[in-house]
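Remarks on the structure that follows.
In UniProt numbering, the protein residues as written are 1 to 251.
In structure tokens:
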């Protein structure tokens with residue numbers, strides 16, 4: 001019971017065999033930390049964790065602030081604007097008996113429309129209303145796994161300095177090296193449900209708050225936080241890791 005009231009140690013998110021979410025203990029905010037990064041560390045949705053601690057958009061926190069992890073909040077969905085009612089077309093005016101209808105005229109048969117040209121492969125795939133692209137063209141060397149040696153994403157081989165690209169358009173909500181095991185990490189927010197992460201970079205080329213486009217180079221591939229050059233890529237839905245293979249296009 002004493003552990004419930006104390007701060008969590010690095011072990012609970014640095015252990016490869018441990019898979020959050022964490023619903024006990026607390027976290028003391030360090031300088032430079034954001035709610036997005038803290039929620040990512042503990043496997044929580046940033047909106048849920050913020051609500052559990054009485055926070056609201058834009059989710060501002062400050063160094064020294066204590067976030068309770070043993071509380072569970074609510075994810076408040078954004079209300080969707082209702083579409084205006086469709087107006088019906090006005091009824092046609094009736095014709096009078098004195099009006100003579102025009103005599104029918106012979107018409108030429110309609111020309112056959114040309115068959116649509118086959119679409120070229122774009123290298124992207126739309127899933128959950130987001131157009132996803134591969135963040136790097138290298139070979140996948142470790143797949144997503146929720147058991148055994150847990151892997152919350154996929155690992156992609158590459159050479160130091162290779163371009164790491166945004167998998168989809170969005171806003172950078174974390175860019176730093178404050179999460180153990182991730183090295184130089186970038187987290188991109190795509191909509192109210194989905195985030196993606198790019199870890200072990202040699203150099204980060206974007207900053208927090210920056211809007212990025214799908215395919216934009218956001219980092220240089222590296223080996224920070226790991227023992228060999230690679231890109232660790234994750235997608236999280238409502239704070240939960242999901243298999244990127246379900247979202248990325250087949251290749």
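Every residue gets a Cβ at the ideal spot worked out from N, C-alpha and C, and that includes glycine. Quick caveat: nothing in here was measured; it's all calculated off a predicted structure.
| said: Contact defined as beta carbons within less than 8 Å: I believe residue 36 pairs with residue 182. What is the distance between those atoms, to the nearest angstrom? | reply: In the chain shown, the residue the question calls residue 36 occupies position 36. In the chain shown, the residue the question calls residue 182 occupies position 182. About 13 Å; that fails the 8 Å criterion.
* **Environment of residue 245 [buried if 16+ CB atoms lie within 10 Å]** => Residue 245 sits at position 245 when you count from the first residue of the chain shown. Classification for residue 245: exposed.
- Query: At which residues does the beta strand (DSSP E) containing residue 162 begin and terminate?
  - Reply: Translated into the one-based positions of the chain shown, residue 162 becomes position 162. Element bounds for residue 162: n/a, residue is neither H nor E.
* Asked: Straight-line CA distance for residue 65 to residue 159?
  -> Taking the first residue of the chain shown as 1, we reach residue 65 at position 65. Taking the first residue of the chain shown as 1, we reach residue 159 at position 159. Cα to Cα, the separation comes out at about 40 Å.
Handout entry: Range of the contiguous beta strand (DSSP E) that encloses residue 155
Key = Residue numbering aside, residue 155 sits at position 155 when the chain shown is read from its first letter. Per DSSP, residue 155 belongs to the beta strand (DSSP E) from 154 to 157.
query: Which residues does DSSP pair with residue 221 in a beta bridge?
result: Against the chain shown, residue 221 aligns to sequence position 221. DSSP links residue 221 through a beta bridge to 201.
Extent of the continuous beta strand (DSSP E) to which residue 255 belongs = This structure gives no information on residue 255, because the portion of the chain shown stretches from 1 to 251.
*asked:* Under DSSP, the alpha helix (DSSP H) around residue 40 begins and ends at which residues?
replied: As a first step, residue 40 must be located in the chain shown, where it is residue number 40. Run containing residue 40: 35 to 41, per the alpha helix (DSSP H) assignment.
_Nearest-angstrom Cα separation, counted from residue 52 out to residue 27_ = As a working note, residue 27 is residue 27 in the chain shown. As a working note, residue 52 is residue 52 in the chain shown. Across the structure, residue 27 and residue 52 are spaced so that their CA atoms are roughly 13 Å apart.
Exercise for the section: With a threshold of 16 other CB atoms inside 10 Å of the CB of residue 70, please say whether the residue is buried or exposed. Expected result: Within the chain shown, residue 70 is the residue found at index 70, counting from 1. Counting every other CB atom within 10 Å of its CB across the protein chains shown gives residue 70 a total below 16, marking it as exposed.
Note to self: What does DSSP give as the partner residue(s) for residue 232 in the beta ladder?
What the structure shows: The sequence position of residue 232 within the chain shown is 232, counting from 1. Bridge partners of residue 232: 155 and 199.
| message | For the segment 134 to 150 against the segment 177 to 192, do three or more pairs of beta-carbon atoms, one drawn from each stretch, fall closer than 8 Å, so that the two count as touching? | response | no
Self-check item: DSSP three-state assignment for residue 241, whether helix, strand or coil
Solution: Locating residue 241 in the chain shown gives position 241, counting from the first residue. Reduced to three states, the DSSP call for residue 241 is strand.
Comparing C-alpha positions only, which one of 250, 68, 142 and 60 sits nearest to residue 33? If you number the chain shown from 1, residue 33 lands on position 33. Checked all of 250, 68, 142 and 60; the closest Cα to residue 33 is 60.
### Message
Distance check for residue 185 and residue 200, CA to CA, integer angstroms please.
### Response
By one-based count along the chain shown, residue 200 stands at place 200. By one-based count along the chain shown, residue 185 stands at place 185. Approximately 6 Å, taken between the alpha carbons.
Those residues which DSSP pairs with residue 127 across a bridge: One-based indexing of the chain shown puts residue 127 at position 127. Looking at the DSSP assignment, residue 127 forms a beta bridge with 130.
Inset, instruction - Specify the secondary structure class of residue 192 as computed by DSSP and reduced to three states. - result: As a working mapping, residue 192 is identified with position 192 in the chain shown. If DSSP states are grouped into helix, strand and coil, residue 192 belongs with coil.
Could you say if the segment 137 to 155 and the segment 233 to 243 meet the contact criterion of at least three C-beta pairs nearer than 8 Å? yes
| field | residue 49 (DSSP reduced to helix, strand or coil) | value | Taking the chain shown and counting its residues from 1, the one referred to as residue 49 is at position 49. Note: residue 49 maps to helix in three-state DSSP.
| CB-CB under 8 Å to residue 142, same chain, minus the five flanking residues each way: which ones, in chain order? | Taking the first residue of the chain shown as position 1, residue 142 is located at position 142. Scanning its chain for C-beta atoms nearer than 8 Å, with the 5 sequence neighbours on each side dropped, one finds around residue 142 the residues 151, 154 and 155, in chain order.
Euclidean distance between Cα positions of residue 187 and residue 47: Translated into the one-based positions of the chain shown, residue 187 becomes position 187. Translated into the one-based positions of the chain shown, residue 47 becomes position 47. When rounded, the distance between both Cα atoms is 15 Å.
*Which residue comes first and which comes last in the beta strand (DSSP E) that contains residue 141?*
As a first step, residue 141 must be located in the chain shown, where it is residue number 141. Taken as a continuous stretch (DSSP letters only), the beta strand (DSSP E) holding residue 141 covers 140 to 142.
Review point. Taking the DSSP output, what are the residues bridged to residue 184?
Key: Stepping through the chain shown from its first residue, residue 184 is reached at position 184. Bridge partners of residue 184: 201.
- prompt: Using a Cβ-Cβ cut-off of 8 Å (strictly less than) and excluding sequence neighbours within five positions of residue 177, which residues of its own chain qualify?
  reply: Locating residue 177 in the chain shown gives position 177, where the first residue counts as 1. Once the five neighbours on either side are set aside, the close Cβ partners of residue 177 are 183, 184, 185, 224 and 225.
ask   = Quick one, are the C-beta atoms of residue 220 and residue 166 less than 9 Å apart?
value = Within the chain shown, numbered from 1, the residue matching residue 220 stands at position 220. Within the chain shown, numbered from 1, the residue matching residue 166 stands at position 166. Taking 9 Å as the Cβ cut-off, residue 220 and residue 166 do not qualify as a contacting pair.
From this set, 147, 68 and 247, which residue's C-alpha is nearest residue 168's C-alpha?
Within the chain shown, numbered from 1, the residue matching residue 168 stands at position 168. The residue with the shortest Cα to Cα distance from residue 168 is 247.
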